[in-house]
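Working notes, beginning with the structure itself.
There are 2 protein chains.
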Amino acid sequence: MTYCVGMVLEKGLVLMSDTRTNSGVDNISVFRKMFTWQVSGERIITVMTAGNLATTQAVVSQLEERMKEPGERENAILQSPTMFQVATEIGKLLRDIIAKRQNANGDRGRGKFTASIIIAGQINGMEPRLFMLYPEGNFIEASLDTPFFQIGETKYGRPIIIRGYDRQMSLEDGVKLLTVSFDSTLKANLSVGLPLDLQVIERDSFEVSHQHRMSADDPYFRSISSSWGDALKHAFHSLPDYSFKQDGQ
Amino acid sequence: MTYCVGMVLEKGLVLMSDTRTNSGVDNISVFRKMFTWQVSGERIITVMTAGNLATTQAVVSQLEERMKEPGERENAILQSPTMFQVATEIGKLLRDIIAKRQNANGDRGRGKFTASIIIAGQINGMEPRLFMLYPEGNFIEASLDTPFFQIGETKYGRPIIIRGYDRQMSLEDGVKLLTVSFDSTLKANLSVGLPLDLQVIERDSFEVSHQHRMSADDPYFRSISSSWGDALKHAFHSLPDYSFKQDGQ
């Protein structure tokens, strides 16, 4: 499994992904699931992937035209005029790769090879945008009502984002929120694993404003993981107490 | 879907279940998923059910021998010498009911009609016990390492139980913890719904020590739901802040 989150804040985009891939529980590896392309001062585009690893790697390789000689490669999404076009291109690629692999494997391939993708970025002259792509190639865009997308093992880490999100929060607080969400997920599910890739894209910077890989010995991750337990206990004890008398029994 | 949790504390058992059943999103109903049988001063046994409603209702009906005349009914689990025997009996019943229905429907029935059950209780002279039954009829028992079981839509509400559980906590705090876990789940998933059924079985009481149905306008549920949001935000802001400078960038 996988866990990736993309979040839109007033000040920019905050993205985080884990790096664990597993086929069963005895075949785990570390693979990067966050990929970035940028033209400094003009555009930045980052994708995060969940699902079949051969599929998602094929999407990234074909975007970069790695089948061609290095000198002849041309990345279509670096030419797309809008983020909407970028999402359309990647969606088409994703659907085609899945369909090809499924058809090649007939009945055995049905329902396999699927993947989901989060696309985040900004092109000069336009707003920062965030999309979630489905295996069918279609996609939805984040809005004021739904300002974040999760893919992969999404449930454990969802309640804290729902409760903690605030569009006006600082980018640093956005990182803090996602770190807590990932920590909750890691504590409950073996298929999501460290290290985590973090990326922050400040509005109108058109570049990676900050990126960092959090490993198990990362001091910030460790401090969140240990203090969140205490903070939650404190929060819990601050709640009103239940009384067995309340309903007259 | 469904959400039920059973938790063993030093002082007794705390159980909570939701009441929503749905077939699609446009066919929702309220059904009780918590059932209790007791012989005052001798034993108390409570089951909570998740999965196919016809299956779980059949289990409860057959336990109570509702196919017989009222005067001839005899509930086998009220005679079982140990909680282990109770779990074995109910497990056998569950497996047989599922198998019968699947066989009667051939290929179309495969994988349908399944259900899971949590069994909690205490028989005089023995410890309070908690079991989780699988559709295959086998079961596991809670231990010091794994002192709670969840069935149904378990993921959203799991991190807070992992973080908040303490075997020594009061039964009232156990209720508070489960209320928070259910609130997190309700906020994130439509297939789990109010009202909630709560039951507390104090150690060596051999009876229902407290039970309560929490509806949407229950003052305690409302106070937890609203103050948990604030408490979480406060906990979140008490955490160490992230700094973009930390890794020297």
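Chains A and B supply the protein sequences, listed in that same order. Residue 203 in my numbering sits at position 203 of the first sequence; the count goes up by one each step and never skips. In my numbering, each residue carries its 1-based index in the second sequence increased by 1000. Note that the Cβ used here is the ideal one computed from N, Cα and C, for glycine as well.
In the DSSP annotation of this structure, Arg110 of chain A is not part of any alpha helix (DSSP H), being labelled neither H nor E. With a threshold of 16 other beta carbon atoms within 10 Å, Val1025 of chain B falls short and is exposed. Closest by C-alpha distance to Gln1062 of chain B, out of B:Asp1107, B:Ile1090, B:Leu1053, B:Ser1215, is B:Ile1090. Restricted to the stretch 1026-1065 of chain B, the alpha helix (DSSP H) segments that are unbroken, complete and at least 4 residues in length are 1053-1063, listed in chain order.
In the DSSP assignment, Met83 of chain A falls within the alpha helix (DSSP H) that extends over 83-104. When Cβ pairs closer than 8 angstroms are counted between the two stretches, the stretch 140-149 of chain A is seen to touch the stretch 120-131 of chain A, the count reaching three or more. Asn1022 of chain B is bridged by DSSP to B:Ile1028. With its beta carbon at least 8 angstroms from every one in chain B, Lys11 of chain A lies outside the interface. Residue environment: Asp183 of chain A is assigned as buried (16 or more neighbouring CB atoms within 10 Å of its CB, all protein chains considered). For Arg1032 of chain B, the CB contacts under 7 angstroms within the same chain, skipping 5 residues up- and downstream, are Thr1019, Asp1197 in chain order. Nearest in C-alpha terms to Leu178 of chain A, of all of A:Lys187, A:Ala188, A:Tyr165, is A:Tyr165.
Buried is the label assigned to Met1083 of chain B, since at least 16 other Cβ atoms lie within 10 Å of its Cβ.
Comparing C-alpha distances from Phe1148 of chain B to each of B:Arg1163, B:Arg1101, B:Asn1124 shows the shortest one belongs to B:Arg1163. Residue pairing by DSSP puts Glu141 of chain A in a beta bridge opposite A:Phe131. Contact note: Lys33 of chain A does not reach chain B at a C-beta cutoff of 9 angstroms; the least C-beta distance is about 20 angstroms. Of all residues in the stretch 228-241 of chain A, the ones placed with a Cβ closer than 7 angstroms to any Cβ belonging to chain B are Trp228, Gly229, Ala231, Leu232, Lys233, His234, Ala235, Phe236, Ser238, Leu239, Pro240, Asp241, in chain order.
Residue environment: Val1030 of chain B is assigned as exposed (fewer than 16 neighbouring CB atoms within 10 Å of its CB, all protein chains considered). With a contact defined as Cβ atoms closer than 8 angstroms, Val1175 of chain B and Val1005 of chain B miss out at about 11 angstroms. Residues of the same chain with a CB within less than 6 angstroms of the CB of Phe1035 of chain B, apart from the 5 flanking positions on each side, are Val1047, Val1060 in chain order. For Gly6 of chain A, the enclosing beta strand (DSSP E) stretches over residues 3-9. With 16 or more other Cβ atoms from the protein chains shown falling within 10 Å of its own Cβ, Met16 of chain A counts as buried. Its chain contains Glu64, Glu65, Arg66 as the residues whose beta carbon lies nearer than 8 angstroms to that of Arg73 of chain A, once the 5 sequence neighbours on both sides are disregarded; these appear in chain order. Beta-bridge partners assigned by DSSP to Val192 of chain A: none are found. Listed along chain B, the residues sitting closer than 8 angstroms to Gly164 of chain A by beta-carbon distance are Leu1232, Lys1233, Phe1236.
Interface criterion not met: the Cβ of Lys68 of chain A is under 8 angstroms from no Cβ in chain B. Two segments are said to touch when three or more pairs of C-beta atoms, one from each, lie closer than 8 angstroms; by this definition the stretch 1227-1245 of chain B touches the stretch 234-241 of chain A. By the Cβ-count criterion, Lys1155 of chain B is buried, with 16 or more other Cβ atoms from all chains shown falling within 10 Å of its own Cβ.
Look at the stretch 1092-1126 of chain B: it has no residue with a C-beta under 8 angstroms from a C-beta of chain A. With contacts defined as CB atoms closer than 8 angstroms, Ile97 of chain A and Thr55 of chain A qualify as a contacting pair. Under the 10 Å beta carbon count, Asp173 of chain A is surrounded by 16 or more other beta carbons and is classified as buried. In this structure, Val180 of chain A lies near Ile224 of chain A, with their beta-carbon atoms less than 8 angstroms apart. Look at Glu153 of chain A here: in three-state DSSP terms it is coil, with no helix or strand label. Interface flag for Tyr1156 of chain B against chain A is set, since a Cβ pair is found closer than 8 angstroms. The secondary-structure analysis by DSSP pairs Asp1197 of chain B across a beta bridge with B:Ser1017, B:Arg1213. Looking at the backbone, the Cα of Tyr220 of chain A and that of Thr1114 of chain B are separated by about 44 angstroms.
Met1007 of chain B and Gln85 of chain A have their alpha carbons spaced roughly 51 angstroms apart.
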